[in-house]
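Only one structure is covered here, and it is reproduced in the block below.
There are 2 protein chains.
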Amino acid sequence: MKYVIIGGVAGGASAAARLKRIQEDAEIVIFEKGEYISYANCGLPYYIGNTIEDRKKLFVQTPVSFGNRYDADVRTLNEVLSIDRANKTVKVKNLRNGKEYEESYDCLLLSPGALPIVPPLPGIDLPHIYTLRNVPDCDMIKQRAIEQLRDGAAAVIIGGGFIGLEMAENLQRIGYQVTVIEKAPHVLTPLDYPMAAIIQKHLQDKGVKVVTETALTGFTEKDGLLEVQTDKGGAYPCDMAILSIGVRPNTQLARDCGLEIGESGGVKVDAYMRTSDEAIYAVGDVIEFPHPVTGKPYCNFLAGPANAQARIAAMNMVYPESVRYSGSVTTAIAKIFELTAASTGLNERHLKQQGLSYQTVITHPAPFATYYPGGEPMHIKLNFNPETGRIYGAQAVGKLNVDKQIDTISLLLKHEGTIFDMINTEHAYAPPYGSAKSPVMFAGMVAENIMSGMMNPIQVEELDELLDKGEEIQLVDVREIQEYKTGTIADAENCPVDELRELMEDLDPEKKTVVFCEVGMRGYVAYRILKQSGFTQIYNLIGGMKTYRLIGKHNRG
Amino acid sequence: MKYVIIGGVAGGASAAARLKRIQEDAEIVIFEKGEYISYANCGLPYYIGNTIEDRKKLFVQTPVSFGNRYDADVRTLNEVLSIDRANKTVKVKNLRNGKEYEESYDCLLLSPGALPIVPPLPGIDLPHIYTLRNVPDCDMIKQRAIEQLRDGAAAVIIGGGFIGLEMAENLQRIGYQVTVIEKAPHVLTPLDYPMAAIIQKHLQDKGVKVVTETALTGFTEKDGLLEVQTDKGGAYPCDMAILSIGVRPNTQLARDCGLEIGESGGVKVDAYMRTSDEAIYAVGDVIEFPHPVTGKPYCNFLAGPANAQARIAAMNMVYPESVRYSGSVTTAIAKIFELTAASTGLNERHLKQQGLSYQTVITHPAPFATYYPGGEPMHIKLNFNPETGRIYGAQAVGKLNVDKQIDTISLLLKHEGTIFDMINTEHAYAPPYGSAKSPVMFAGMVAENIMSGMMNPIQVEELDELLDKGEEIQLVDVREIQEYKTGTIADAENCPVDELRELMEDLDPEKKTVVFCEVGMRGYVAYRILKQSGFTQIYNLIGGMKTYRLIGKHNRG
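Here it is in structure tokens:
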């Protein structure tokens, strides 16, 4: 069998290695239009920021070493121009000498990845506007960053997604004043606002300027500097701009040869990673696949799933229909200065788009035993189905052990897990690693309290809506007096939870009452006391003052 | 309803808090024979080692604060002497004044924990022999450790389990020369030897003396020092000895009142945490419960499950048979100097005891992207059913991200997961947190290669058995020549994998052949090349040289 692979980075290289291990006499040709194969795409921002010092480390394999180990014909700087499905051939251009030729295949794998979105705006072709998808992009940015670095150099990142923010950190690290411009109401749109707000504040604390709800309109040049222009009128002079708006599946070859393209714009594949042509498989950023939670196809642009798909495709290319792919719930993470931000599954925006009703829990658990030194609370947001308890998605932000919580929830999500499964997880516990109740268990327990009617939640946004309307609410801050004095919500009274059984005499049990504490735990205890003492309309504020302080509008004192 | 709770530490205090939140008018009496409730049991070694400096941090709640918040009657220094099930009363002794009295209950919770095993050996009552279960134990050790610390002070830990090794680290930290004496062939018996050997070497590198296959026979006093005596004849003079041999469920009260005791010696409970008496529930170290993998009851002595059980018991005490407990797969972890050791499920000893046939995979994956700085390989051992792929257990040792892998496998274990589920996990990946293929996925892939016949494994112990017998084996070291020169196995020849397609001419395809590399990956590639080139009896060494170097007997050079 002769296998032709288009694209030699994540998916293509993995598939080739696996193919050869399955079938030693397989003939494998890899076409890669770039100069490199199998390189560390996700490491590029860290090479720019000098965290990775040695450029060689970015290359997992060279074309020669890979070719030797897997007895594969690796042709870099060879671009596939078209696919002739009827004759099972590809037309290729050797970019070294400009010559075109044909190559036949028995079975083809499409792994051309994604292309960065570059909007056709005025000035888009000016120098020092970069995208970051591959090694040449990276080399250009690095060259500019090092060779032309001046005192007070400025960089503008357009798009505050995971990679945009990784770039913000890394460019600041090497001396740039960084501004992030984001069209949406907040950065990191995979996260909901209460979580993204923590990152946004951290960026500002670190000296990165964050501008939201602001769209790029074009570029000009002024006094030798690039100037980024926006719909809000402000112009941002800078030494370089990074376009990090997003990517789209590189479907040109697939479209040209008539392969079926799906509703979200990726190449359509079945569970065996096979396209609408039996002899052509596709993996990685170029495909779309149904989301395990919604059942709707989407493109996810993540390295982990691309690798998993490549392994599955290789097996099916040799033994058709032998292994099925189960889809990705979109689990992603990034380091942003001292914080980690991670998410899995659906956020509120997705849930609203899908018309799914959901409930939300926000907690601020310690990353390990509170008495063990060095920990600061993390922040978790859980979205779930309040009827069935099914997990829809989760997000977490914090300094330590954030990844572990999201990995656990991601695994449950893949298996259609519920908040009850979260409560029933079992984790490796010792004081340096966790608490007897893990953050995952704890978030599940709060969700269960809501589902079982043990607690009636109110979100910060909901409370603010009532306060904006001037609705009469009995606000009860159940923290200690010293905490109350540092700031509270609107005209809240202070009734510390441990004295509540006496102090509640002064409260009106008929009035709409919202209790809150710092994080929600004492609020829950207070809720239970009042609820069982005849208070009729009572709510516990989800996320407590810790969340209110960040995103609430009626902070006092 | 009047609830009486016996034991106010982990399980008892959690259950009381939950009870009150469910039922504000519940009358709750907690009897605790010690002075403290709800304290940080697992933090005690770290308080001794000064990692936790402030003793107050050990106390999550005081009897007064807890009583106020949950409107509970907390009676510390009150010991329950007996339970009268017919009349639903307990006889209690107030240890402050010696007076005895009776207290009635509607529903009782037993949470008396476990007792350290103290063998009746000669000299066991000498001073400076300690166990570590509670705050007074801890205070005594701390007092001895600080007040009588002299230059060259020595401590002997008897028992090299998780807590014994935590104590070894913490006592060394404050100035002791520490010796660990372990009866078994290696420390950390929840781990199999290839993993425990890494910890043992680390302890020795850190200056802790480790003596295995040696049993305690008694104590004497000599020149003002304590002397620990063993069956191997050596005597170990020391300033203090810590007995860390194990614990047993504290079932005295349960036995005396005729509650059913199970086959492994714990109080028998049903899935609702109810004992053989409908009005008595039990949680924590005192109970036994069926293991989800074997179905056999056992006692697990872990804080996480105790907390989970308490929450479930409280619910069922108010609403009988409302929540079921699903059991614990025994997931445990400890920090041992710079390393983390963790395990979940069954080890080889358990598997042999249960007569289960299993296969084993050992891998040495990086904790995150290899090109991201600061990582050192971890070590994972996976035991699984080679017929069905069901996971039996896993162990991991390393510096970073060990807990995360074990948490994921623990969750799969609880859901009867397989190695295929391991491959299909989805984790939060960015270079500082992981690799596109996680260690969990990678171990699953190696296991799948074995199950599917893609690779025929040989364990270090199996290879050594063949070499000991003098069996003729073609040993092929497929690493680079520079690696080969640093040391190999017996009379292995060197055939670097990337040249193997040429060099294999010199090998005999009919001979029993074992290939190996540093960790097993190149070995696998070499295996596939040789296998598909007509070699008939070929094996890949599991764990490669990294494991062989630690536990193999025929190291050369």
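So the protein sequences, as listed, match chains A and B.
Each residue of the first sequence is one higher than the last, beginning at 347 in my numbering.
Each residue of the second sequence is one higher than the last, beginning at 347 in my numbering.
Cβ atoms here follow ideal geometry from the backbone N, Cα and C, with glycine treated the same way.
>> Please list the terminal residues of the continuous alpha helix (DSSP H) segment that includes B/Met797.
In response: Pro785 to Met797
> Could one say the Cβ of B/Glu817 lies closer than 8 Å to chain A's Cβ atoms, at least one of them?
Replying inline: no
>> So the candidates are B/Tyr382, B/Tyr873 and B/Thr558; which of them puts its Cα closest to the Cα of B/Thr354?
In response: The residue asked about is misnamed: residue 354 of chain B is Gly in this sequence, not Thr. Looking at the Cα atoms, B/Tyr382 is the closest of the given residues.
> On the premise that B/Thr893 lies in contact with B/Val824, defined as a C-beta separation below 8 Å, what is that separation, rounded to the nearest angstrom?
Replying inline: B/Val824 to B/Thr893, Cβ: 16 Å. No contact.
> How big is the Cα-Cα spacing for A/Pro409 and B/Arg695?
Replying inline: 46 Å
> Roughly how many angstroms separate the alpha carbons of A/Asp942 and A/Ala742, rounded to a whole number?
Replying inline: A query on residue 942 of chain A cannot be resolved here, the shown segment of chain A reaching from 347 to 903 and no further.
> How far does the beta strand (DSSP E) with A/Tyr416 in it reach, from first residue to last?
Replying inline: Looking at the DSSP string, A/Tyr416 is not in any beta strand (DSSP E); the run it does join, the alpha helix (DSSP H), is Pro409 to Tyr416.
> Comparing alpha-carbon positions, which option in A/Pro595, A/Ile626, A/Ile588 and A/Ala838 lies nearest A/Gly510?
Replying inline: A/Ile588
> Mind pulling the chain B residues with CB within less than 7 Å of A/Asn653?
Replying inline: Ala782 and Lys783
>> Under 8 Å, with one C-beta from each stretch per pair, do the segment 576-591 of chain B and the segment 495-509 of chain B reach the 3-pair mark?
In response: yes
>> Under 8 Å, with one C-beta from each stretch per pair, do the segment 542-549 of chain A and the segment 424-439 of chain A reach the 3-pair mark?
In response: no
>> I need the DSSP call for B/Lys348, collapsed to helix, strand or coil.
In response: strand
> Along chain A, which residues have their Cβ under 7 Å away from the Cβ of B/Gly650?
Replying inline: Glu772, His773, Tyr775 and Ala782
> Thinking C-alpha only, which one of A/Thr771, A/Ala361 and A/Glu370 is nearest B/Ser879?
Replying inline: A/Glu370
> Since A/Ser879 meets chain B, which of its residues come closer than 7 Å, beta carbon to beta carbon?
Replying inline: Glu370
> Near B/Gly721, which residues of its chain fall below 6 Å by C-beta distance, leaving aside the five closest residues on each side in sequence?
Replying inline: Ala712, Pro713 and Phe714
>> List, in chain order, every chain B residue whose beta-carbon is nearer than 8 Å to that of A/Lys681.
In response: Ala776, Pro778 and Tyr779
> Under 8 Å Cβ-Cβ, which residues of chain A neighbour B/Ser411?
Replying inline: Asp844
> How is the alpha helix (DSSP H) around B/His548 delimited, first residue to last?
Replying inline: Tyr539 to Asp551
> What does B/Asn731 reach in chain A if we use C-beta pairs closer than 7 Å?
Replying inline: None at all; the shortest Cβ gap to chain A is about 19 Å.
> With a cut-off of 8 Å, does the C-beta of A/Asn424 fall near any C-beta of chain B?
Replying inline: no
> Going along chain B in order, which residues have a C-beta closer than 8 Å to the C-beta of A/Ser672?
Replying inline: Asn770
>> Check for me: the beta strand (DSSP E) holding B/Lys568 runs from which residue to which?
In response: Leu562 to Lys568
>> Below 8 Å, how does it come out for the segment 468-480 of chain B and the segment 567-574 of chain B: are there three or more Cβ pairs, yes or no?
In response: yes
> How do the segment 723-740 of chain B and the segment 396-407 of chain A stand: do at least 3 beta-carbon pairs fall below 8 Å, yes or no?
Replying inline: no
> B/Ala625 touches chain A at which residues, Cβ-Cβ below 8 Å?
Replying inline: Going along chain A, no residue has its Cβ under 8 Å from B/Ala625, so there is no contact; the nearest lies around 23 Å.
> How about B/Asp577: is its C-beta nearer than 8 Å to some C-beta of chain A?
Replying inline: no
>> With a threshold of 8 Å between beta carbons, is B/Ser622 in contact with chain A?
In response: no
> Name the chain A residues whose beta carbon is nearer than 7 Å to that of B/Tyr392?
Replying inline: Tyr718 and Pro777
> Name the DSSP bridge partner or partners of A/Ala680?
Replying inline: A/Ala687
> Less than 8 Å separating the beta-carbons of A/Gly866 and A/Gly890?
Replying inline: yes
> Mind pulling the alpha helix (DSSP H) runs of 4 or more residues that sit fully within the segment 815-885 of chain A?
Replying inline: 827-831, 846-849 and 867-877
> With distances taken from CA atoms, which of B/Leu454, B/Ala491, B/Ala838 and B/Val464 is nearest B/Gly903?
Replying inline: B/Ala838
> Whole-angstrom Cβ separation of B/Ala418 and B/Ala362, contact assumed at under 8 Å?
Replying inline: 5 Å
> Cα-Cα, which of B/Ala561, B/Tyr618 and B/Val632 is closest to B/Ser610?
Replying inline: B/Val632
>> Under 8 Å, Cβ to Cβ, is there at least one residue of chain A near B/His725?
In response: no
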